[in-house]
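Numbering (the numbering used here), first residue to last: -2 to 257.
Notes follow the structure.
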């Protein structure tokens, strides 16, 4: 057996083992990456489920608060008027009594209509049933009913249906942005614009409030109630991008975009 043959054999064996080690390394690397990606996907699914549940609970809580206010401010007032009318009817005076009865009937009709509207509001799945666009329209109507603020919703494009889970989280984000504008920004005018461009749903919410320093707000990690950070977390679980534009004294603008 010649020295060259032995040398070639050893070289071949070494090459083979190096090849096996390389294959083993590649397989191990792919397996580790697969497990890591699987774990990340599982964490993402858990996070999405938690955010969905939290958003649903918050929507229901806001709905109950709205119903409570309506019962106290609207239905309570109508019921009081009905009671006053009935207690003050003078049956020995037919003409005034007939007018009061007619007025009472109108009040009862109004109360029945208001109760029907409230029963619709109590439906926890209303966002899914009426759709995200209509749900945002309803929020704008509620704001305008106060008589203190002016709000407008505009759908600029034909927007494809958005899946129920994503709609709930987007709707809750919109509610949070609107609440911030009404309670903290001292805004008087709020606009919501919905677009669909290049397979992307874009939602822009603007207000004319006092504004704020975006960088400083996002940097304040000690603020447990930091609305911007909460909005960013919700955006991530639905693979959406969110951008805040604001300057002190110049209002605020929030842009949410997500592929459909």
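Glycine residues also receive a C-beta, built at the ideal position from the N, C-alpha and C atoms.
- By the beta-carbon neighbour count (other beta carbons within 10 angstroms, threshold 16), residue 174 is buried.
- Residue 225 sits buried, since 16 or more C-beta atoms from the chains shown fall within 10 Å of its C-beta.
- Per DSSP, reduced to three states, the secondary structure at residue 19 is helical.
- Pairing residue 130 with residue 32, the inter-Cα distance amounts to about 39 Å.
- Around the Cβ of residue 150, a 10 Å sphere holds 16 or more other Cβ atoms; the residue is buried.
- Here DSSP, grouped into helix, strand and coil, assigns residue 104 to helix.
- Under a 10 Å Cβ-count criterion, residue 232 is classified as buried, with 16 or more other Cβ atoms of the shown protein chains found around its own Cβ.
- Residue range 186 to 194 is occupied by the beta strand (DSSP E) that includes residue 186.
- One thing to note: residue 251 has its Cβ within 7 Å of the Cβ of residue 202.
- C-alpha of residue 141 to C-alpha of residue 91: approximately 41 Å in a straight line.
- The alpha-carbon of residue 189 is positioned some 7 Å away from that of residue 200.
- In this model, residue 180 and residue 243 are separated by some 16 Å (Cα to Cα).
- Listed in chain order, the non-local C-beta contacts of residue 137 below 7 Å within the same chain comprise 148, 149, 150, 189, local neighbours out to five positions each way being set aside.
- Taking a 10 Å sphere around the C-beta of residue 168, we find 16 or more other C-beta atoms and assign the residue as buried.
- The Cβ neighbour count for residue 104, taken over all protein chains shown within 10 Å, is at least 16; the residue is labelled buried.
- DSSP, reduced to helix, strand and coil, places residue 237 outside both helices and strands of the structure shown, so it counts as coil.
- As the crow flies, the alpha-carbon of residue 248 is around 5 Å from that of residue 207.
- DSSP places residue 138 in the helix class (H, G or I) of the three-state scheme.
- In the three-state DSSP reduction, residue 250 falls in the strand class (E or B).
- Annotation for residue 134: 150 place their beta carbon closer than 8 Å to its own, counting only its chain and skipping 5 residues before and after.
- Around the C-beta of residue 106, fewer than 16 other C-beta atoms lie within 10 Å, and the residue is accordingly described as exposed.
- The three-state secondary structure of residue 203, taken from DSSP, is strand.
- The continuous alpha helix (DSSP H) containing residue 168 extends over residues 161 to 180.
- By the CB criterion at 7 Å, residue 94 and residue 86 fall inside the cutoff.
- The three-state reading of DSSP puts residue 125 in helix, counting H, G and I together.
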